[in-house]
Every structure is written in C-alpha cells, then in structure tokens.
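Since the structure comes first, as structure tokens, the remarks are kept for the end.
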Amino acid sequence: MKKFPLKDTDLVKDNPEPTAPVKERKVSLWSLATTFTKVGMFTLGGGYAMIPLIDREVVQKRHWLESDEFYDILAIAQSAPGLLAVNISIFAGYRVRGNKGSIAATIGTCLPSFLIILAIAIFFAGYRDNIYVEKIFKGIRPVVVALIAVPVVDMIQKSHLNIFRALLAVGTAAAIIFLKISPVYILLVFFTCFFFIRYVKWHGKKNSEKEDGV
Amino acid sequence: MIFLELFWTFFVIGIFSFGGGYAMLSLIQSKVVTEHAWITAEQFTDIVAISQATPGPVGINTATYMGYTVTHNLGYSEWACIGGSALASLAVVLPSFVIVLSICWLYQKVRKSNLFASLMKDIRPLIIGMIAAAAGILVTPQNFFHWSSWLLLAGAFVSCKFLKISPIWVILAGGLIGLAIY
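Taken in sequence, the protein lines are chains A and B. Going by numbering that gives the first Met the number 0, the first residue of the first sequence is number 0, and it counts up by one from there. Going by numbering that gives the first Met the number 0, the first residue of the second sequence is number 0, and it counts up by one from there.
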C-alpha cells in the first residue's frame, strides 16, 4: 500500500508550515469543491485512476492531508461499500472541514460527471434508432464485455485463491447468471455466515482460555 | 411511483456495492435489467460503454445515465428524466455518507481491528464472482449477433489486459470497427 510514488513527502515533513493542524489553516468549502471537481473531471476509467491525482492535489500540493493519513483513508475507502472516488471525497472532506466539507468535496467529485453524462444521455436519446449509432454500438458491446472481464482476471491473479475461495467465486457468478439471484442476497448470506463463524471461533477461544487458566 | 422505486433501488445498490464501480454493475444489472426490466440488456451494455468512456467515477456515470434512461423508457418528459438521473445519482451516493462518516468516527477502532481486515479478505471471492457475472450476463445473442463479435471481444481483452491500452481507446476502436463492418 505504501509503495505508492511519493515524491514530495520528505520535503513536506521538513517544512513546518504544511504539517500544521488542518483546522488552523481554514480551507474554504469552495476550494474544497473545486479541487475535487478537478479530480473528478480528469479521471478517466474510474476510482483507481483517481488515486494518483488525489495524492497530488490533496496531499502534495495543498497539504490538506498527510500522506500516512491518506493511505489509511485509502485502505478504508477501498473496503467500505460504495464508490472509491466518492468514499475518498467524503473522508478527505470530513478531515478538512467536517460534515460540510464532506458534502462539498462529494458534490465537487460528482457534479462534472453528472452534467457530462446528462448531456450525452439527452443527445443519444434522440439518436437511439439511427443506423450509424446502432452500428457503432454493435462494435462496442463485445468490447464492454472484455473490459469487465479484465478486472476479474486481474483480481484472480492478485488474490491467490485456494480451491474453496475459487469455488465461492464460481458459485457466486453462477448463482447470479443462471439462477438470477440478486447479489444483495448473496452478500447478506455471506455476512451472516461470516459473523456467525467469527463469533463461534471467538467464543471457543474464550472458553479454552478459561479452561487453560483453571 | 417510479421515482420512489428508482430512489430505493439505487439506494440499495449504494449500500451493497462492495468492491467499487465494477461490482456495482452486477447489482445494477440484477435490479434494473433482471428484476424490474426497466431497460434491455443491450441498452445496459451501451450505457456501461458510455460511462466508461466518459470522465468521472464509472459508478456515478452509470447511475446518472441509468436514472435518465429508465425514466425516458417509461415515457416521462425531459425534465422528469433529468430529475430521475439526479435522483439515481443522489441515492447511490447517500449510503456512502452514512457509512464513511461513521467509519470516520470509529476510525481508530476500525484501523486496529483485524475483524474488518479479514472480512474484506474473505469477501474478495464474492466480488470476483459478482464482476464475472456482470460480464457473463452481457454475453447475449443480441450483443454477440455475429462471429466477428467474438473477435472484437478477444481483441479488446488482449489490448486492455496485455497491451495496457486505455479502455477509452479500446471502446472508440470498437465503435469505429462496428461502423466499418456492420
């Protein structure tokens, strides 16, 4: 996680001013929103592409967060449900200006996408049945399937699945595709099992510790 | 009460979207295409393509576009469609506020607990399965109507995975090839 290219962090540590508590250097909500607008607008391909940009704008240029703090935020934002970019904005905005800050940063991140997509949606709604548009999309549709398959392969390579975990992945995919079960129910079943097993293990450990003590 | 339903649907999607934008696709698909049949599988594919080729977080792009298209398909006026897209975007972000801000308050505790870390490790196979399903469901006869569609799939996969070409260029190339050969 910490292996990210950090060029200016050592400089930041030497300079006393940027490391002053954020609360003392009041950041305006407007500059918070516009900074995240910049991040939102120049990110192509979603969340992960956004990380270096946020690192540069928020940590290295403006020193709103320290780099350690940024990586903690990143780890939590990645595992919490929701979109990575939105989670980071909420978290970073909160650290800088509290609740209002988190709203300002999130609006900043989302607004450009919202407006651009809206313009495209209104435009394409009129060209739905155009034969050229249809031809273009006939070429694009298989490409989309490939683009979604790429992160699947990436994740399989990165996460060293054992047989049980691999079966879990295959089972999840099969249940959604063939049985048409909503992922929501699959996740709910997973959470129930997870916390039940954890509880049983924790309970067992506590009991055995007791017995060892006696 | 389509707007209420739309809001609720995307709110639930926001709560359960572990694993970011791609995992969210699977949820949106199962709710919007399979369960409610608000849009067709082809429309879904097109929206995903445009969302990926447009700047900004893919999940926000998709939610905005879905909100617009769902209301548009049901025959509402232009302003109602804009309202629908705003509603879907807001609904998908709202749960994150509650969840992330409560994590902010519990920051220190969450950071130290290995329960949280192991939950995230164990959920990974499910996320992989969900994203794989999002791809699998899109392999429809309509999306793959010709044998050349499979060549496009293979070409796009190799370009993106091994040649590391940006998805935007791959999507644009797919569009140009489609325009030329179909």
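Yeah, the Cβ is synthetic: ideal placement off N, Cα and C, and Gly gets one too. Predicted model only: the values in this text are computed from it and were never measured.
(1) Tell me where the alpha helix (DSSP H) around A:Asp-153 begins and ends.
(2) Using three-state DSSP, classify B:Pro-124 as helix, strand or coil.
(3) Measuring only the C-alpha atoms, how far is A:Val-95 from B:Ser-50?
(4) Could you check whether the Cβ of B:Trp-213 sits closer than 8 Å to any Cβ belonging to chain A?
(5) Would you kindly work out how many angstroms separate the C-alpha atoms of B:Trp-168 and B:Ala-48, rounded to a whole number?
(6) With distances taken between CB atoms, is the gap from A:Phe-41 to A:Leu-52 smaller than 8 Å?
(7) Which chain A residues are close to B:Ile-136, counting only those with a beta carbon under 7 Å from its beta carbon?
(8) Does the pairing of the region 103-114 of chain A with the region 128-145 of chain B give three or more beta-carbon distances under 8 Å?
(9) Along chain B, which residues have their Cβ under 7 Å away from the Cβ of A:Arg-197?
(10) Cβ closer than 8 Å: which chain A residues qualify as neighbours of B:Pro-54?
(11) Could you spell out where the alpha helix (DSSP H) holding B:Trp-37 opens and where it closes?
(12) Our contact map puts A:Ile-176 next to B:Ile-136 with C-beta atoms below 8 Å; I'd like the distance itself, whole angstroms only.
(13) Can you tell me the Cβ-Cβ gap for A:Phe-90 and A:Ile-102, rounded? I've got them flagged as a contact below 8 Å.
(14) Could you tell me the distance, in whole angstroms, from the CA atom of B:Leu-93 to the CA atom of B:Val-99?
(15) Within its chain, find whatever has a CB closer than 7 Å to the CB of B:Ser-206; leave out the 5 residues flanking it on each side and keep chain order.
(16) Taking a contact to mean a Cβ-Cβ separation below 8 Å, would you say B:Ala-85 touches B:Phe-9 in this structure?
(17) Give a yes or no on whether the C-beta atoms belonging to A:Phe-189 and B:Leu-125 are separated by under 8 Å.
(18) Of the choices B:Pro-140, B:Ala-134, B:Asp-121, whose alpha-carbon is the least far from that of A:Ile-196?
(19) Comparing the C-beta of B:Lys-163 with each C-beta of chain A, is any distance below 8 Å?
(20) Excluding the 5 residues preceding and the 5 following B:Ala-22 in the sequence, name in chain order all residues of the same chain whose CB lies nearer than 7 Å to its CB.
(21) Any idea what DSSP makes of A:Pro-20, helix, strand or coil?
(22) Since B:Lys-160 and A:Val-169 should fall inside the 8 Å C-beta cutoff, what is the C-beta to C-beta distance between them, to a whole number of angstroms?
(23) Under a Cβ-count criterion, where at least 16 other Cβ atoms within 10 Å of its own Cβ denotes burial, should A:Pro-17 be classed as buried or exposed?
(24) Please state whether the Cβ-Cβ distance between B:Val-69 and B:Leu-5 is less than 8 Å.
(25) Nearest-angstrom Cα distance between A:Lys-204 and A:Thr-191?
(26) Would you please state the rounded distance, in angstroms, between the beta carbons of A:Leu-117 and B:Tyr-181? I believe it to be under 8 Å.
(27) Pull up the distance between the alpha-carbon of B:Ala-155 and that of A:Ile-180, whole angstroms please.
(28) Assuming B:Met-0 is part of the alpha helix (DSSP H), what are its boundary residues?
(29) Whole angstroms is fine: what's the gap from A:Trp-29's alpha carbon to A:Ala-79's?
(30) Kindly give me the distance between the Cβ atoms of A:Gly-138 and B:Gly-174, rounded to whole angstroms, as I take these residues to be in contact under 8 Å.
(31) Report back the beta-carbon spacing between B:Pro-56 and A:Leu-82 to the nearest angstrom; my notes put them in contact at under 8 Å.
(32) Which chain B residues are close to A:Ile-50, counting only those with a beta carbon under 9 Å from its beta carbon?
(33) So, is B:Gly-18 buried or exposed, given that buried needs 16 or more other C-beta atoms within 10 angstroms?
Walking through what the data contain:
(1) 130-158
(2) helix
(3) 30 Å
(4) In the structure as shown, chain B starts at 0 and stops at 181, and residue 213 of chain B therefore has no counterpart that could be examined.
(5) Our two residues, B:Trp-168 and B:Ala-48, have alpha carbons roughly 11 Å apart in a direct line.
(6) yes
(7) Ile-176
(8) The region 103-114 of chain A is not in contact with the region 128-145 of chain B.
(9) Leu-114
(10) Gly-39, Met-40, Phe-41, Thr-42, Leu-43, Pro-111, Ser-112, Ile-115
(11) Run containing B:Trp-37: none; DSSP gives neither H nor E here.
(12) 6 Å
(13) Actually they do not touch by this definition, with Cβ atoms about 13 Å apart.
(14) 10 Å
(15) Summary: the structure shown does not reach residue 206 of chain B, with chain B confined to residues 0 through 181, and so no result is reported for it.
(16) The Cβ atoms of B:Ala-85 and B:Phe-9 lie no closer than 8 Å to each other.
(17) yes
(18) Nearest of B:Pro-140, B:Ala-134, B:Asp-121 to A:Ile-196, Cα basis: B:Asp-121.
(19) no
(20) Ser-16, Ile-126, Met-129, Ile-130
(21) Residue placement at A:Pro-20 cannot be trusted, given a pLDDT of 45 that sits under 50; the coordinates are not used to answer.
(22) Wrong, their Cβ atoms sit about 20 Å apart, outside the cutoff.
(23) Below a pLDDT of 50, predicted positions are generally treated as unreliable, and A:Pro-17, at 43, falls in that range; the measurement from the model is reported next regardless. With 16 or more Cβ atoms within 10 Å of its Cβ, A:Pro-17 is classed as buried.
(24) yes
(25) 20 Å
(26) Between B:Tyr-181 and A:Leu-117 the Cβ distance is about 29 Å, and since that is not below 8 Å, they are no contact.
(27) 29 Å
(28) Neither: B:Met-0 is in no alpha helix (DSSP H) and is coded neither H nor E.
(29) Whole-angstrom Cα-Cα distance: 27 Å.
(30) 5 Å
(31) 5 Å
(32) Those do not exist, as A:Ile-50 stays about 12 Å from chain B at its closest Cβ, beyond 9 Å.
(33) buried
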